[in-house]
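*Asks:* Quick one: the structure is below, questions incoming.
Listed below in structure tokens is the structure:
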């Protein structure tokens, strides 16, 4: 199946700093990638849809100025958590559709963010 | 907004027994229903999926059934093994949700040996 790689796998930062997470499709081109956030013992909550060459589409309640998404190429999407606060600590996971007809999603490894 | 209901939230079974997890959805236009297994701290892994044009699909010890009339689908794991212990998520592609996948709340499955 298609491979999606995410980096870093974990990061610790101080409150007020910004953190960038990368999501790459390694063996296929992804015009659309999705960013999810998962709190402990909870489900995956869609944050935004990243579209190559255009602005991301954010879900209701997600601050677009806080979670900056850039999808500059067909194999890379980045999520930047700006001015991070402890409540932003979470597991962030990206995914990409390998085949838009099937809808099957391939997930990255996830990035665990801890904000001190 | 739209959501997918998943039950039970936790399930404990004895090794060798069967486990069943159920999900319901509300959009009759939904056409794709995957099931994911997620181990602690790891990415979700697709274990089986079903499309709206079939009622049942099986892959070794795992099967999924879909009842379009009742708008529910179920995951069946037979002859459970300790390595089946994980969190399982159902999902549905909801047309009115921009054709994106919406996930259920998850089921923690514990297989006791």
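Residue numbers (our numbering), protein chains in the order written: chain W, 31 to 146; chain F, 23 to 135.
Where is the CB? At the ideal position from N, CA and C, for every residue including glycine.
1. Need the endpoints of the beta strand (DSSP E) that residue 44 of chain W sits in, please.
2. Using DSSP bridges, identify the partner residues of residue 58 of chain F.
3. Tell me residue 97 of chain F's beta-bridge partners as DSSP assigns them.
4. Which first and last residues belong to the beta strand (DSSP E) in which residue 125 of chain F is found?
5. Using a Cβ-Cβ cut-off of less than 9 angstroms, list which residues of the stretch 65-98 of chain F approach chain W; keep chain order.
6. State yes or no: is the C-beta of residue 113 of chain F within less than 8 angstroms of the C-beta of residue 98 of chain F?
7. Quick one: what does DSSP say residue 118 of chain W is sitting in, helix, strand or coil?
8. By Cβ distance below 8 angstroms, which residues in the same chain neighbour residue 66 of chain F in space, the five residues on each side in sequence not counted?
9. Could you tell me the distance, in whole angstroms, from the CA atom of residue 97 of chain W to the CA atom of residue 40 of chain F?
10. Are the CB atoms of residue 121 of chain W and residue 68 of chain W nearer to each other than 8 angstroms?
11. Please say whether residue 106 of chain W and residue 59 of chain W have beta carbons closer to each other than 8 angstroms?
12. Please identify the residue among W:32, W:134, W:124, W:111 whose C-alpha is closest to the C-alpha of residue 44 of chain W.
13. Name the residue from F:94, F:27, F:129, F:25 whose alpha carbon lies nearest to the alpha carbon of residue 72 of chain F.
14. Could you tell me which residues DSSP pairs with residue 127 of chain W in its beta bridges?
*Replies:* According to the data block:
1. As a position in the first chain, residue 44 of chain W is number 14, starting the count at 1. Careful: residue 44 of chain W lies outside any beta strand (DSSP E) and carries neither H nor E.
2. Counting from one through the second chain, the residue named residue 58 of chain F turns up at place 36. F:68, F:111.
3. As a working mapping, residue 97 of chain F is identified with position 75 in the second chain. Answer by DSSP bridge pairing, in chain order: F:43, F:86.
4. Your numbering for residue 125 of chain F matches position 103 in the second chain. Where residue 125 of chain F is concerned, the enclosing beta strand (DSSP E) stretches over 122-125.
5. 65, 66, 67, 68, 71, 73
6. Looking up residue 113 of chain F in the second chain gives position 91. Looking up residue 98 of chain F in the second chain gives position 76. Cβ distance not < 8 angstroms, so residue 113 of chain F and residue 98 of chain F don't count as in contact.
7. In the first chain, counting from the first residue as 1, residue 118 of chain W sits at position 88. If DSSP states are grouped into helix, strand and coil, residue 118 of chain W belongs with the helices.
8. Sequence index remark: in the second chain, residue 66 of chain F carries index 44 (1-based). Same-chain partners within the cutoff: 58, 59, 60, 111.
9. Here the question's residue 97 of chain W lines up with position 67 in the first chain. Here the question's residue 40 of chain F lines up with position 18 in the second chain. Distance between the alpha carbons of residue 97 of chain W and residue 40 of chain F: 42 angstroms.
10. In the first chain, counting from the first residue as 1, residue 121 of chain W sits at position 91. In the first chain, counting from the first residue as 1, residue 68 of chain W sits at position 38. Cβ distance < 8 angstroms, so residue 121 of chain W and residue 68 of chain W count as in contact.
11. Stepping through the first chain from its first residue, residue 59 of chain W is reached at position 29. Stepping through the first chain from its first residue, residue 106 of chain W is reached at position 76. No, the Cβ-Cβ distance between residue 59 of chain W and residue 106 of chain W is not below 8 angstroms.
12. Walking along the first chain from the start, residue 44 of chain W turns up at place 14. Residue 44 of chain W has its Cα closest to that of W:111, out of W:32, W:134, W:124, W:111.
13. Taking the second chain and counting its residues from 1, the one referred to as residue 72 of chain F is at position 50. Comparing Cα-Cα distances from residue 72 of chain F to each of F:94, F:27, F:129, F:25, the minimum goes to F:94.
14. In the first chain, residue 127 of chain W corresponds to position 97, counting from 1. BP columns for residue 127 of chain W point to W:135.
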